[in-house]
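In my numbering, the protein residues as written are 464 to 740. Heads up, the thing below is written out as structure tokens.
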């Protein structure tokens, strides 16, 4: 029996090379992908340019020019001052105005407490402001104005109202952040001043020129009529104002009011009158 050699297939032999048709298919596929990518980029660029053109057209179109600007809530500031502060002109395109920036610029003005700006299509702008109301002048080396919440909102200058009472005796430690509880002396000042000028109705001939704060005793009202004062202390200001009204009425009726230099109401149940001299 003759020996026969057996031939085995080489299973590790490389596969057949791709044919020309398969190479052409891959090339066309790559070219198609590149073409689609270029077209997509072109469409996006065209859309961006179109949006820029539309934006420029709309924000420069006379149709949206601000023919009507309404300003409300201002008492101290004029309309011209508010528009200048906000950077808004009567010929501006209302769609070109940066409303958040204009509002921020308004709030930077020391007399503006709150501000809202809105568009009224097609040709209007509405500006609503709320101004600070000055309650008194704090004298602490430098002078500052406080509002009805007892918060400093600006440094005092010659353009401010001249009939505000001056508060002395407070220091910077009494002026905490707006969201914190006020100190006892500052709270007492605000409470008395917010009573709506009752002391002026009681003493129409004697305006309060200064409120002096003593951290231990409380408030003392220095009157503008000669050298006279009223000691109030702390708390119970409604009761003390009523007691003061009765005392002043009695002294006026008996022609003795001009003979009194000071009235001590620290204890409203034990009022002390000090005569002149």
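The beta carbon of each residue, even a glycine, is placed where N, CA and C say it ideally should be. Keep in mind it's a predicted model, so treat the numbers as computed, not measured.
- DSSP, reduced to helix, strand and coil, places residue 633 outside both helices and strands of the structure shown, so it counts as coil.
- Here residue 622 carries a coil assignment [DSSP, helix/strand/coil].
- Within the region 525-562, the runs of alpha helix (DSSP H) that reach at least 4 residues and sit entirely inside it are, in chain order, 542-549.
- Under the three-state reduction of DSSP output, residue 738 falls in the strand class.
- Beyond the five residues adjoining it in sequence on each side, residue 574 comes within less than 8 Å, by CB distance, of 539, 540, 594, 595, 616, 617 in the same chain, given in chain order.
- In this structure, DSSP gives residue 677 an extended state, which the three-state scheme calls strand.
- In its own chain, leaving out the 5 sequence neighbours on each side, no residue places its CB closer than 6 Å to the CB of residue 658.
- Between the C-alpha atoms of residue 529 and residue 591 there is a straight-line separation of about 16 Å.
- Distances from the alpha-carbon of residue 673 to those of 600, 700, 706 put 600 closest.
- Taking every protein chain shown into account, the CB of residue 726 has 16 or more other CB atoms within 10 angstroms, so this residue is buried.
- In this structure, residue 676 lies away from residue 640, with their beta-carbon atoms at least 9 Å apart.
- Checking the DSSP bridge columns, you'll see residue 610 partnered with 597.
- For residue 581, the uninterrupted beta strand (DSSP E) run begins and ends at 575-583, by DSSP.
- A straight-line Cα-Cα distance of about 14 Å links residue 710 and residue 694.
- With respect to the 9 Å criterion, residue 549 and residue 578 are classified as neighbours on the basis of their beta carbons.
- Of the other Cβ atoms in all chains shown, 16 or more fall within 10 Å of the Cβ of residue 572; this residue is therefore buried.
- The DSSP-derived three-state label of residue 500 is helix.
- DSSP places residue 724 in the uninterrupted beta strand (DSSP E) bounded by 723-727.
- Excluding the 5 residues flanking it on each side, residue 613 has same chain C-beta neighbours closer than 8 Å at 598, 645, 649, 650, 652, 653, in chain order.
- For residue 605, the beta-bridge partners assigned by DSSP are 603.
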